[in-house]
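Quick note on numbering: the sequence shown equals residues 0 to 438 in numbering that gives the first Met the number 0.
Glycine included, C-beta positions come from ideal geometry on N, C-alpha and C.
Note that the coordinates shown come from a computational prediction; the quantities given were computed from them, not determined experimentally.
Note sheet for the following structure.
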Amino acid sequence: MPLRRTAVAVAVALSALVAAPAAQAAPVTTKSPAEAAAGWLSGRLVAGERMETEFNGVAYPDHGLTIDALLAFDAAGVAQAGAGKALSWLTAPANVAAYTTDPSASKYAGAHAKLALAVLAQGGDPTSVGGVDLIAGLTALRTASGRFADQSQWGDYSNTFTQSLAVITLARHGDAPANAVTFLAGTACPDGGFPLDIGKPTCTAQADATGMAVQALLAAGNTDTAGDTVTDTAIAAAAKGLDWLVKRQDPADGGFGDDAQGGPGAASNANSTGLAAQALRVGGRTAAADKAAGYLAGLQVGCGDPAAGAIALDAKGFNPAIAVRVTSQAVLGLVGTGLAEISSAGDKPAAPVLECAEPTTTTTEPTTTTTTAPPVEDTTTTTTTTTTTPAAGFVVTGSGTLARTGVEAGPAVLLGALLVLTGGLALVVARRRAAAVRR
């Protein structure tokens, strides 16, 4: 019965194929700190499409944080499979409305600017996003003074981040209004740095806001469409801002501190350093940018930890509760490409993982230990000279071992939730929330 035997053989072979586990493709690995960080971020996307923020035990979709991650993917040149899904989620009509407006008909300038910037970075058209013209909506929120302001019964949350994002986005789209550029330049403090909050009695510059303002002024100046006088004003203000950043840089570790929380001399952190490093690179201050990038790389979670590739807030430890925000901003500083130039063009689809050396093993003779305990598990032990990995709760980085810290305080989360509404402040939320961890 040759035919029957053949049929049986085929059936057996097919059953073996069905029973065999599907082979998984080996993950793409990288030695690049920025690529590894972006790859780790990609793995944090909920349903592969969005980031979420937890408040009082409830997770909420976080549009601003999703954009932060998307820009990090584009900057690092990887994880475009995740970036594409994130953009699709962000540009769904319901999500566009939820982010840029609210049921009370409020309109948020920062959200319009930030979403439009994400669309531009992905090569899309910001004048047609989920049925909304984001550029027209943003332009309509420009006041007579040139300031971009929210229209909301809940108040105006706009600040230097909002203004900077608006100028960057409009300059990238074609033209930044002259009075918007001069307004931003005019918010500088006497020392050349820029404050977060505009129009306060005391002007207190901070690294985060200065980094954003410098990028915006350089973007407006380099487009050369607003007029020579405005261009000169923008470039001059940006140069003073860069000088301020260089002077404020920590000479010991190369990082930047949270001036709003700790004042001049505040301990360095990855959020402030990420934005400052990006501005320094765009502004041609290469030596200072290199030092800042070195600080960021030293905070990267290393091999032997599930969070390998992520960036810790500071030398005190890695906190998973704020790691997505921290890592998103850190990637921008590691790469150094400005927000006016970040693009997905030519980027790779895969989300790489940090390349780690295969653990070495040594062959030794096993020794058997006799025990009277129930035979729940094998009691054979082996003595080797292999180096062990760190215990759970610690990570190995370029600068040593960092302890994991707890979650941030509740009030800081609430502040973050309020700031996310503005869109432009989503980049600042990490710094404010991270400060609560350090207190």
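Inter-residue Cα distance where the pair is L16 and N94
For L16, the predicted model reports a pLDDT of 44, less than 50, meaning its position is unreliable and no value from the coordinates is stated.
Supposed close pair L133, A104 - CB separation, criterion 8 Å
Wrong, their Cβ atoms sit about 17 Å apart, outside the cutoff.
Quick check: the Cα distance between V394 and A175, rounded to an integer number of angstroms?
Per-residue confidence for V394 stands at a pLDDT of 33, beneath the threshold of 50, marking its modelled position as unreliable; no derived number is given.
With H, G and I counted as helix, E and B as strand and the rest as coil, what does DSSP make of K475?
Outside the shown range of the chain, which is 0 to 438, sits residue 475, and nothing can be said about it.
From I341 to T209, what distance separates their C-alpha atoms?
19 Å
What residue range does the beta strand (DSSP E) around E53 cover?
51-54
Per-residue DSSP class, three states only, for L69:
The answer is helix: DSSP assigns L69 an H, G or I state.
Can you look up L44 in the DSSP assignment and give me helix, strand or coil?
coil
Is Y59 helix, strand or coil by DSSP?
Note: Y59 maps to strand in three-state DSSP.
Of the residues L331, Q277, V325, the one placed nearest R43, counting alpha carbons only:
V325
Measuring only the C-alpha atoms, how far is T203 from A24?
52 Å
When you compare each of G198, A269, Q248 to A287 by their alpha carbons, which one comes out closest?
Q248
By DSSP, does D242 sit in helix, in strand, or in coil?
helix
Identity of the residues DSSP links to G185 by a beta bridge
G185 is not bridged to any residue.
Can you tell me whether Y59 is buried or exposed, with buried defined as 16 or more other CB within 10 angstroms of its CB?
exposed
Can you say whether K113 is buried or exposed, counting buried as having 16 or more other CB atoms within 10 angstroms of its CB?
buried
Please go through the same chain and pick out, in chain order, the residues whose beta-carbon is closer than 6 Å to the beta-carbon of G337, but skip the five residues on each side of it.
If we look at G337 and ignore the five residues flanking it on each side, its Cβ neighbours are Q214, V281.
In or out: A75 buried (at least 16 other Cβ within 10 Å) or exposed?
Looking at its Cβ environment, which holds 16 or more other Cβ atoms inside 10 Å, A75 is buried.
With a threshold of 6 Å on Cβ separation, who are the neighbours of E34 within its own chain once the five nearest residues in sequence on each side are excluded?
So the qualifying residues of the chain are A75, V77, P351.
Can you tell me the Cα-Cα spacing of G192 and K347, whole angstroms?
37 Å
Going by alpha carbons, who is nearest to D257 out of T272, A218, G122?
Closest option to D257, Cα to Cα, is T272.
Under 8 Å between C-beta atoms, does E51 make it to chain C?
Although the question refers to chain C, the structure presented lacks it and comprises just one protein chain.
Work out the CA separation of A329 and V355 for me, nearest whole Å.
Per the sequence shown, the amino acid found at residue 355 is Cys instead of Val. Approximately 21 Å, taken between the alpha carbons.
C-beta atoms of A117 and L89 nearer than 8 Å
yes
What residues are listed by DSSP as bridge partners for I310?
When beta bridges are read from the DSSP output, I310 appears opposite Q299.
Give me the Cα-Cα distance between S87 and Y156, rounded to the nearest whole angstrom.
Their backbone Cα atoms lie some 27 Å apart in a straight line.
Who does F160 pair with in a DSSP beta bridge?
For F160, which the question treats as bridged, DSSP gives no partner whatsoever.
Chain-order list of residues whose beta-carbon lies under 7 Å from that of G145 (same chain, five-residue window excluded)
P176, N178, A179, T181, F182
Where L13 falls, given that 16 or more other Cβ within 10 Å makes a residue buried
Residue placement at L13 is flagged as unreliable, the pLDDT there being 47, under the threshold of 50; a coordinate-derived value is accordingly withheld.
Kindly indicate which three-state DSSP category Q121 falls into: helix, strand or coil?
coil
If you draw a straight line from the alpha carbon of H62 to that of A170, how long is it in whole angstroms?
23 Å
For S343 versus Q121, is the C-beta distance shorter than 8 Å?
A contact, by the Cβ cut-off of 8 Å.
Would you call the CB atoms of L241 and L274 closer than 8 Å?
In this structure, L241 lies away from L274, with their beta-carbon atoms at least 8 Å apart.
Residue range of the alpha helix (DSSP H) that V323 falls in?
322-334
When the distance is taken between beta carbons, is G220 closer than 8 Å to I197?
no
Taking just the CA atoms, how far does A269 sit from A292?
10 Å
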